[in-house]
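In the working numbering, the protein residues as written are 51 to 246.
Below is one structure, written out as structure tokens; comments come after it.
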Amino acid sequence: MAELSVEVLTGPDLAPAIPELSRLRVTVFREFPYLYVGDAAYEARYLRSYLEAPDSLVVLVKDGEKVVGASSALPLKDEQAELQAPWQDNGPDVSTVWYLAESVLLPGYRGRGLGVRFFEERERRGRELGYDTASFCAVQRPDNHPRRPTGHGPLDEFWKKCGYTRHPELIARLSWREPDEEAESPKDMVFWTKRL
Ligand SMILES: CC(C)(COP(=O)(O)OP(=O)(O)OC[C@H]1O[C@@H](n2cnc3c(N)ncnc32)[C@H](O)[C@@H]1OP(=O)(O)O)[C@@H](O)C(=O)NCCC(=O)NCCS
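Listed below in structure tokens is the structure:
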């Protein structure tokens, strides 16, 4: 394995990384708990926010020239309406929130601190830009979900250790198609927050 490198991309430098981000999303989110059957139209729609938001950021992990992990962040006000909706009644002003979108790392590269690094890089940028709150959301799955692999636990303890608090009152509904579904259906995504 060549040495791993971490690159932080913003502004116009970010656009060339979008296809890699999409490729990793489709590969990693195909697994439990997301079970996302990626499709090009969904990806193009979802990733457009990153290209249009002037302050968006992508962190890439490379093994030599190969991109093996990616993580992203952008102002919540520049995200899709479904992610802003739960904040209108229950949360702080959307314009104060720095939204941490996905963290995706190929399985062979997990457990060596890159997940922590993803948080550090994204939080640093949110602080520099003057945001008060960092937030992300995670899909909710029942303990007895038929596709849960044996021994698969949630990342909740990791997120708590990184300083995040879960907000069961802040739930977004995002739709995508799972392998057992004919069409997209809505999934509950619970938000977590941390003061920056
Ligand atoms: C989330 C993800 C990027 C974390 O990457 P990672 O590099 O393995 O994370 P780290 O090595 O920094 O681990 C951080 C801590 O979380 C713990 N952890 C990692 N995966 C875990 C899991 N599945 N269950 C419980 N704890 C876990 C590690 O043990 C470590 O704890 P420690 O510091 O006490 O040893 C990676 O697991 C991943 O790509 N998962 C699939 C996609 C996903 O669910 N992303 C999050 C929502 S977008």
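All C-beta atoms, glycine included, are put in the ideal place defined by N, C-alpha and C.
- In the DSSP secondary-structure assignment, Trp148 is bridged to Pro125 and Ala184.
- For Glu93, the distance from the CB to the nearest heavy atom of ligand 1 is not below 7 Å.
- Within the same chain, Val144 and Ser145 come within 6 Å of Lys127 by CB-CB distance, once the 5 residues on both sides are set aside.
- Spatial neighbours of Ser121 in its own chain (CB-CB distance under 6 Å, excluding positions within 5 residues in sequence) are listed in chain order as Val109, Ser153 and Phe168.
- Taking 3 residues as the minimum length, the beta strand (DSSP E) runs contained wholly in the region 156 to 211 are 183 to 189, in order along the chain.
- Counting C-beta pairs closer than 8 Å gives three or more between the region 194 to 202 and the region 74 to 93, which meets the contact rule.
- If the five residues before and after Gly61 are omitted, its C-beta is found closer than 8 Å to the C-beta atoms of Pro104, all from its own chain and listed in chain order.
- Our two residues, Thr183 and Arg175, have alpha carbons roughly 12 Å apart in a direct line.
- Taking the Cα positions, Arg216 is about 6 Å away from Phe241.
- 8 Å or more divides the Cβ of Val111 from the Cβ of Val166.
- With respect to the C-alpha of Ala123, the residue from Glu102, Ser225 and Pro236 having the closest C-alpha is Glu102.
- Excluding five sequence positions before and after Tyr86, the CB atoms of its chain that fall closer than 8 Å to its own CB belong to Arg75, Val76, Phe79, Arg80, Trp226, Arg227 and Glu228, given in chain order.
- DSSP, reduced to helix, strand and coil, places Pro218 within a strand of the structure shown.
- Residue environment analysis places Ala65 among the exposed positions, since fewer than 16 neighbouring C-beta atoms fall within 10 angstroms of its C-beta.
- Annotated three-state conformation of Leu246 is coil, per DSSP.
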